[in-house]
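For what it's worth, the numbering used here labels the leading residue of the sequence shown as 5, then goes sequentially.
We put the CB at the ideal spot given by N, CA and C, even for glycine.
Here the structure is a predicted model, which is why all the values come from computation and not from measurement.
Take a look at the structure below.
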Amino acid sequence: MHDQQTILIVEDSPVNRKILNELLKKQGYNILNAASGEEAMDLVGTVLPDLIILDILLPGMDGYTTCRQLKEVKETRDIPVIFISSLDATKDKIGGFEAGGVDYITKPFQPAEVMARICTHLRIRHLQRSLAEKNIQLEEEKQKSEALLRNVLPQRIARELLTTGTCMPQLFTETTVCFADIVNFTAASSKLAPEIIIRELNDIFTGFDRISTHYNCERMKTIGDAYLFVCGIPDPDPRHAENIARSALQMIDFLDKRNTDAQYKWKIRIGIHSGPVVGGVVGTEKYLYDIFGDTVNIAERMEEFSAPMQVNVSSTSYAFLKNKFQFTEGQEMEIKGKGRQMMYTLISGKADI
């Protein structure tokens, strides 16, 4: 098991040092020797042994002091130290353990006992190292998992889930929801290679993510070529409608500029509606934070009635925005399941980013 492990013998007696050297070399250990505490400290500054056999009665710095100094240094703190001494009083043994030793052997020693104790403490040290390495790996995996969770969930929701293990559904009364859908993407993508489809969506949605994040909005999910985001959840924001409107205008501007040089040119339709939603984590194995309610459905209907590269706004959102943005004159449209409702096309606002 030792694979040429190194043992440092700190012993001022040449006879005892020779006996220990012969005993340990027969077992395949690499041996370092020091005749004093000072020499031992110099040695461990260049080579870190796997175990130290330390006499107490040494010239200059005694074994207790040497052991305490070893335990004060980060690099040598965890090296097991076995005291070996002619001092056999209880107080001497206690002193060795208090200094940081893991074992105490009295002279004259029995070779079999010395080997048994050395093997035991080297095995313990090996297990400690393996455990420490596994703990590091577990911590790295934990950090990766937490980072992934923070990427797929809103920050506050991720913190709550990591802290408590649960996330209670919540009603948010003041929110604005936005649907952005790429026009004719399904038909066009049937003629494109899969890698091109993914590259185009990734580029567009990455741009949308930058814009929505800038305006304190949360991207909920992408559904194929549709992009759903919201403001006012999970943290309230009195400017929820304004933030969504500015994001929507910026997204159209982003696509306009992208289309100037891009090989594939795309247009989007956008729908906006304000109202209450329920937010919560769905799933136990794979987490998804989603929003539900009529507000989401109406925002989707607004998008369906929108013209390409335009933003269609419900009357509820219009009430929040009419003093800060320009709109076309409203028109009344029949919405399935909701009757006739007014909707407005958002033209412009101070949508600087």
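Buried or exposed by the 16-neighbour rule on C-beta atoms within 10 Å, applied to residue i
i      : result
Leu292 : exposed
Leu259 : buried
Arg21  : buried
Pro84  : buried
Pro63  : exposed
Asp54  : buried
Pro158 : buried
Ile186 : buried
Pro18  : exposed
Phe101 : exposed
Tyr107 : The amino acid occupying residue 107 in the given sequence is Asp; Tyr does not appear at that position. The residue in question, Asp107, is buried, as its Cβ has 16 or more Cβ neighbours within 10 Å.
Contact check, residue i vs residue j, beta carbons under 7 angstroms
i      : j      : result
Ala245 : Leu325 : yes
Ser310 : Gly275 : yes
Thr299 : Val285 : no
Asn316 : Met346 : no
Cys71  : Ala103 : yes
Leu12  : Leu27  : no
Thr180 : Ile248 : yes
Gly283 : Phe176 : yes
Thr80  : Val48  : yes
Phe261 : Met313 : With the sequence shown as reference, residue 261 is identified as Lys, and Phe is not the correct amino acid for it. No. Outside cutoff.
Phe233 : Arg223 : yes
Proximity to residue i [Cα-Cα], best of the options
i      : options                           : result
Ser40  : Ile60, Lys22, Asp54 and Gln345    : Ile60
Ile215 : Val234, Glu338, Gln132 and Gln254 : Gln254
Tyr268 : Ala252, Asn188 and Tyr108         : Asn188
Gln9   : Ile23, Val19, Lys30 and Thr70     : Lys30
Gln174 : Tyr33, Glu199, Lys342 and Gly297  : Gly297
Asp241 : Ala116, Ser278 and Gln147         : Ser278
Ala303 : Thr170, Ala230 and Asn220         : Ala230
Asp213 : Lys195, Ile201 and Thr226         : Thr226
Glu398 : Phe209, Asn34 and Leu58           : Residue numbering for the chain in the displayed model covers 5 to 357; residue 398 lies beyond these limits and cannot be assessed.
Gly334 : Met306, Glu145, Asp96 and Gly32   : Met306
Leu350 : Thr332, Ile140, Gly343 and Lys138 : Thr332
Cys171 : Pro238, Ala323 and Glu336         : Pro238
Gly105 : Ser89, Gly287 and Glu117          : Ser89
Bounding residues of the alpha helix (DSSP H) (the contiguous stretch that carries residue i)
i      : result
Arg243 : No alpha helix (DSSP H) contains Arg243, which DSSP labels as neither H nor E.
Lys225 : Taken as a continuous stretch (DSSP letters only), Lys225 belongs to no alpha helix (DSSP H), being part of the beta strand (DSSP E) at Glu222 to Ile227.
Residue i, DSSP secondary structure in three states
i      : result
Phe189 : helix
Thr320 : helix
Pro280 : strand
Pro112 : coil
Met306 : helix
Ile56  : strand
Ala136 : helix
Val41  : With the sequence shown as reference, residue 41 is identified as Gly, and Val is not the correct amino acid for it. Three-state result, Gly41: helix.
Met347 : strand
Gln9   : coil
Cys171 : coil
Ser216 : helix
Host beta strand (DSSP E) of residue i (start-end)
i      : result
Met337 : Gln335 to Ile339
Leu232 : Ala230 to Cys235
Val85  : Val85 to Ser89
Tyr293 : Leu292 to Phe296
Beta carbon proximity, residue i to chain D, threshold 7 angstroms
i      : result
Tyr231 : This model lacks chain D altogether, as it is built from one protein chain only.
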